[in-house]
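The structure appears below as structure tokens.
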Amino acid sequence: MILLDINASMPATGIAAERHAVLAYARALPADVRVGLITFGDGWQMALWPTTSRSRLRAAVTASKASGATSMGIVGALSHATSVMHALDASAGRLVVLSNGEMLIGPAPDAALPTDVVIWYFERDDHIGLLRTLASASGGRIASPANAAALA
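Under the working numbering, the first residue of the sequence shown is numbered 1, with each subsequent residue one higher.
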């Protein structure tokens, strides 16, 4: 399950790069692996139920628009992603978060599944330390945007 941060703080080039990283990651996965998409900013939205259709994923990623001023919706997005994975009996799966941690506060978000994180950093209110802790505490990995496909 991919969790894509769509907060409006990212410059247009950052949003385009984030979309490119999502699609590069999906292309690197085996064709039979289902991938879903949850977008988040201040809140979160289920954008695509897990599917093997990379064209449907591409359409959902392309249709995502910047929304919200923070990355605080990550908490609800992680909870919902975990519920979906358990409902699909995909508890051996992984979550992949792409975010800049915009104005993310409090303790690091919790994840019940291994969570890999692709981190963007644009300015001082991007709290990437909490994203790093999320990956580390869940048994996930961290990648730069250019290396997102290596997480597959």
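C-beta: ideal position from N, C-alpha, C; glycine also.
Nearest-angstrom Cβ-Cβ length linking residue i and residue j, presumed shorter than 8 Å
i	j	result
A63	N7	Not quite, the Cβ-Cβ distance comes to about 17 Å (not below 8 Å), so this is no contact.
G93	M85	5 Å
H127	L151	With a Cβ gap of about 21 Å, H127 and L151 do not count as contacting.
Own chain residues within Cβ distance below 6 Å of residue i, not counting five before or after
i	result
G43	G73
G41	I6, N7, S67, G68 and G73
T125	According to the sequence shown, residue 125 is Asp rather than Thr. Same-chain partners within the cutoff: M103.
E18	L98
A149	A24, Y25 and A28
Spatial distance of residue i from residue j (CA atoms)
i	j	result
A87	L113	13 Å
A16	D89	32 Å
P50	L37	7 Å
L95	L131	13 Å
L4	L29	17 Å
V61	R54	10 Å
G139	M46	24 Å
V118	L98	5 Å
T39	S71	10 Å
E102	S136	19 Å
S144	N100	11 Å
A147	A59	For clarity, residue 147 is Asn in the given sequence; the question names Ala instead. Each residue's Cα considered, the two are about 22 Å apart.
V35	P11	26 Å
R27	A21	10 Å
L78	A111	6 Å
M1	L23	13 Å
T115	I142	9 Å
D32	K65	28 Å
DSSP-derived helix/strand/coil call for residue i
i	result
I128	helix
A112	coil
T39	strand
I6	coil
A63	helix
L71	Rather than Leu, the amino acid found at residue 71 in this sequence is Ser. Three-state DSSP puts S71 in coil, outside helix and strand.
Burial state of residue i, where buried means 16 or more other Cβ atoms lie within 10 Å
i	result
G129	exposed
S9	buried
A81	buried
E123	exposed
Cβ neighbours of residue i in the same chain (closer than 8 Å, five flanking residues each side left out)
i	result
R56	L48
G14	N100, W120 and F122
Cβ-based neighbour list, residue i, same chain, cut-off 7 Å, excluding 5 preceding and 5 following
i	result
A108	L130, T133, L134 and A137
G106	none
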